[in-house]
Amino acid sequence: MPDFKRPNALLDVQTHYCPGCTHGIIHRLVAEVIDDMGIEGETIGVCPVGCSVLEYNYFACDMMQASHGRSPAVATGIKRANPDKFVFTYQGDGDLAAIGTAETVHAAARGENITIIFVNNTTYGMTGGQMAPTTLPGQVTQTSPYGRNTNTDGFPVKVCEMLSTLDGVAYAERVMVADPKSVNQAKKAIRKGFEVQKNKQGFSIIEVLSTCPTNWGISPQKAIERLKSEMVPYYPLGVFKDCSVRNKE
Amino acid sequence: MEKMKVDFDRCKGCGLCVDACPKGIVKMRDEKLNKEGYITAVCVNQEDCIACALCAVMCPDCVITITK
Amino acid sequence: MDINMSERVLMKGNEALAEAAIRAGCRCYFGYPITPQTEIAAYMARRLPKINGVFLQAESEIGAINMVYGCAGSGARCMTSSSSPGISLKAEGISYLAGADLPCVIVNIQRGGPGLGTIQPSQADYWQATRAIGHGDLRIPVFAPATVQEMVDLTTKAFEVAEKYRTPVMILADGFLGQMMEPMSFSGEDKSGKREEPFAWGAFGHGNKRKKNIVNSLYLKPEALEAQIEERFKRYKQIKEKESTAVCGEQAETAEIIVVAYGCTARTAQAAVHKAQDEGLKVELFRPVTLWPFPEKQLKDACKNAKTVLVTEMSKGQMVDDVKLALECKIPVEFFGRTGGIVPEPDEILQKIKEMVVN
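Protein chains in written order, with our numbering: chain V, 59 to 307; chain Y, 1171 to 1238; chain R, 1232 to 1590.
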C-alpha cells in the first residue's frame, strides 16, 4: 500500500487546471479532510463560476453547480433542508468578494452552518486574468493594464478581516499553499472548518492564498515566490476568528 | 522498489515537487514529453529517497505516490 | 392552522396560497419582503417552524431564488414568492433552475411596472412570465388563478406539475387576488409536516449507497447541451399536450364575440359579459387558466362561430399575441385594457363590447 496517494474523495481524473495552479493542492486537501472524517457520503459540495467551475467532476461526493457568486445562498438552501449533512462551497475571489459579496456576507451574518473554502489568487483566472476585488495595489492585470490604481479602482477586499467582525462567523483563518509546511497548515485549517460545521457552531471560512502562474505571466516557482513576498504582507496569515470553544460551551 | 513514483501521463511538469524535495533528487526530465506534451518530474535516485512525501504534498495534480 | 378539510373558510388570497403550498408538502420557503405579496412570507414564517419546516428571509430576491435552487437541488420540495420587480431579480436563478431541471414553485403577485411602477395590481408581467423568464432556451408553466379558491387549487397543481416534469412552475396572480378575502376550502391530501424522502436525483449526500449526483446546468460540449435541451423540449411538448387549461362559458357556441381575459380581469370581464348577455348580446367569456402552455386548442374551439375576439387585460395587451397565434389570425382581435395598476371596470368593457357590435 502506498503511503501517500490520491484521497478517495478526489476522483481519479485529470483536472483541467494549468501546470502549477494551486487549485489542485487545495482540492486534494479538501478531499483528504473528507476522507479523514469519513464524511464523503454525507457531504454536498457547491461549485462556483470561475476556474473551479468543473470541480463537480473532481470530487466524489454529491455536487451542485451554482451561478456566479451565489454559492453561499445555494449552500444555505441545501443545508437548511439537510441540517445534518456537510455542505461546503469552494469559491474564488471574484465569485466570493465581488459578484457574491451579499450572499457571502449574509450567509456569514446568519451564522449559516457551512464551510467556505475561499481561494484568493488576486485575479479572475477563468476569463483570462482581469482585476479582481483582491488584486493588489499596482498589480497589472488585463483590466488594470497600468497597475491597479487605488484612486480609481479602490482597494483590495480583506475578506477574513471583514467577515470576522460578524457575530455569525465561528471560524475564519487565512492560510497559503506555498510550501509543504504551509500546505499542512492549510489542511489543518480546512479540517477545523469542517469540525466547526460538525459541531454546529456556525459559519466557517478558510481563505487560501493561491497562485495563478498563467495569468500572472510567471513560472509556477516564481508565482510561489510572489505569493510569499507580495500577497502575504497584504493578506497576513492566521486565525482571525475562533469561536469554536466559546460556542461549544 | 520505487519509493517515489510519478504518473508520467498525468504530470503537467510544473516543477513544484522539485523545490519541495529536501534531498534534491527530484528533477525535470526534458528528454521525453508525455502525451500532453509536458516535461515530467522524476526521482533520479530512489535509494536516497526518504519517502517524506513533501513532493507529493506540493503536487497540484496528485500524480505522485509514495511507498516506504 | 386548524382547518377542517371540507370546511369553507374566509381567507386572504396570499395566505390561502401559502397554506395550500404547505398542504402540498412544501417544507421550505425562501423569500424577501415586497408589496403586495408579503403576507405569503409572513404566513410561512408563522406556520413552517411549527411543522419542522424551513422559513428563511433572504438578503435579496437573488439570494432567495438561489436558496430555492440549493434546496430543490438537494431533492426537497420548496418555493419562493415575490412581486414584479423582485421577479426580475429572480430571473437569473429561474434560468439556472430550468437549466438544472429542478422542480419548485415561484409565485408572482404582480404589481404595475416598469421600474418601481406601483404597488397596485397589474398583469404587465405576462410577457416576462411566458416568454422571457430567464436567458436561454427555456419555458416554465404559468398558472393564472382568478379566485382565492384557485390560488389554492392551482398551487397544489403547481407542485404536481413541477415534480412530474422537473421544472419550475409559476403562479402568476396579481395584487388584487393576493389581498382579497373569499370563502374557500382545501381539498386533497394534507401533506403538511410530512417528511418525505428527497427526490432520488437530488444532491443530498450519496451515503455511500449510490453513484454521486451532480446538479448542474453547464455543458461544455455543444452537442451535449443540445441533447439536454432537446430532451427538455420533449417534456415541454408533453406539458403543452396535457396541461393546458381554460374555462369557457356555456354560450360560446352561439357567441359572436368571445371575450378573453385571465386572472382578476376575467372577473370584471365576466360581469361585463353577463350584462351584455342580459341585454341580448351574443357574447361569451373565455378564460385561460394556464398562460404557458396557452390553451390554443380550447380557444380555437370556443371561437368556432365568433366574428370577433376581445382581449382585456391589466396591461397594454400582452396576451394579444398569444390569442392571435392561437386563432392563426383568422378572426379579428381587439383589445381593451387599463394599465398602471387600474382594473378595467365592467362598464368600460361592456362599452367596448357594444362598440364592437355596432362596428
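All C-beta atoms in this analysis are idealised placements derived from N, C-alpha and C, irrespective of residue type, glycine included. Treat the numbers as computed from the prediction; the structure is a model and nothing was measured.
- Closer than 8 Å to the CB of tyrosine 1300(R) there is at least one CB belonging to chain V.
- Cys1184(Y) is the residue among Ala1223(Y), Cys1184(Y), Asp1189(Y) whose C-alpha sits nearest the C-alpha of tyrosine 1208(Y).
- Around arginine 1370(R), the same chain offers Tyr1467, Trp1523 as residues with beta carbons nearer than 7 Å, after the five sequence neighbours per side are excluded.
- Phenylalanine 117(V) sits in a strand when the DSSP states are folded into three classes.
- In the three-state reduction of the DSSP assignment, isoleucine 1337(R) falls in the strand class, which pools E and B.
- Within the segment 146 to 168 of chain V, the residues whose Cβ lies closer than 9 Å to any Cβ of chain R are, in chain order, Ala160, Glu161, Val163, His164, Ala165, Ala167, Arg168.
- By the Cβ neighbour-count rule, glycine 1306(R) is buried, with 16 or more other Cβ atoms within 10 Å of its own.
- Classified as exposed, tyrosine 204(V) has fewer than 16 neighbouring CB atoms from the shown chains inside 10 Å of its CB.
- Distance from the CA of tyrosine 75(V) to the CA of tyrosine 1396(R), rounded to the nearest whole angstrom, comes to 36 Å.
- The straight-line gap separating the alpha-carbon atoms of valine 145(V) and isoleucine 1470(R) is approximately 34 Å.
- Look at the beta carbons and you see the segment 1187 to 1201 of chain Y not touching the segment 1248 to 1264 of chain R: under three pairs across the two are nearer than 8 Å.
- Within chain V, the residues whose beta carbon sits less than 7 Å from that of aspartate 1231(Y) are Thr73, Gly82, listed in sequence order.
- Where tryptophan 1358(R) is concerned, the enclosing alpha helix (DSSP H) starts and stops at 1357 to 1361.
- When the alpha-carbon of valine 163(V) is set against those of Gly135(V), Ser222(V), Asn140(V), the nearest one is in Ser222(V).
- Judged by DSSP secondary structure, glycine 150(V) falls within the beta strand (DSSP E) whose first and last residues are 144 to 150.
- With respect to alanine 1331(R), asparagine 1447(R) sits close: the two C-beta atoms are nearer than 8 Å.
- Pairing glutamine 1354(R) with alanine 1483(R), the inter-Cα distance amounts to about 25 Å.
- Boundaries of the beta strand (DSSP E) harbouring tryptophan 1523(R): 1521 to 1523, taken from the DSSP string.
- For the pair cysteine 1335(R) and alanine 139(V), the CB atoms are not nearer than the 8 Å cut-off.
- Taking a C-beta cut-off of 7 Å against chain V, the contacting residues of the segment 1176 to 1199 of chain Y are Arg1180, Lys1182, Gly1183, Cys1184, Gly1185, Leu1186, Asp1189, Ala1190, listed in chain order.
- By the criterion of a C-beta distance shorter than 8 Å, valine 111(V) is surrounded in its chain by Cys105, Gln123, Met184, once the five residues flanking it on both sides are discounted.
- Between the alpha carbons of isoleucine 102(V) and valine 177(V) lies a distance of about 18 Å.
- Counting the other CB atoms within 10 Å of its CB gives methionine 1171(Y) a total below 16, which places it among the exposed residues.
- Collapsing the DSSP output to three states places alanine 1477(R) in a strand.
- Listed in chain order, the beta strand (DSSP E) elements of length 3 or more contained wholly in the segment 72 to 135 of chain V are 101 to 105, 120 to 123.
- Ranked by Cα distance from leucine 295(V), the first of Glu98(V), Pro60(V), Leu267(V), Asp70(V) is Leu267(V).
- In the three-state reduction of the DSSP assignment, alanine 1404(R) falls in the strand class.
- Within the segment 276 to 292 of chain V, those residues whose Cβ lies closer than 9 Å to any Cβ of chain Y are, in chain order, Ser277, Pro278, Gln279, Ile282.
- Burial is judged here by how many other beta carbons sit within 10 angstroms of a residue's own beta carbon; glycine 1317(R) has at least 16 and is buried.
- Annotation for methionine 1587(R): the continuous alpha helix (DSSP H) segment containing it runs 1577 to 1589.
- Taking C-alpha positions only, isoleucine 1234(Y) is separated from glycine 187(V) by approximately 29 Å.
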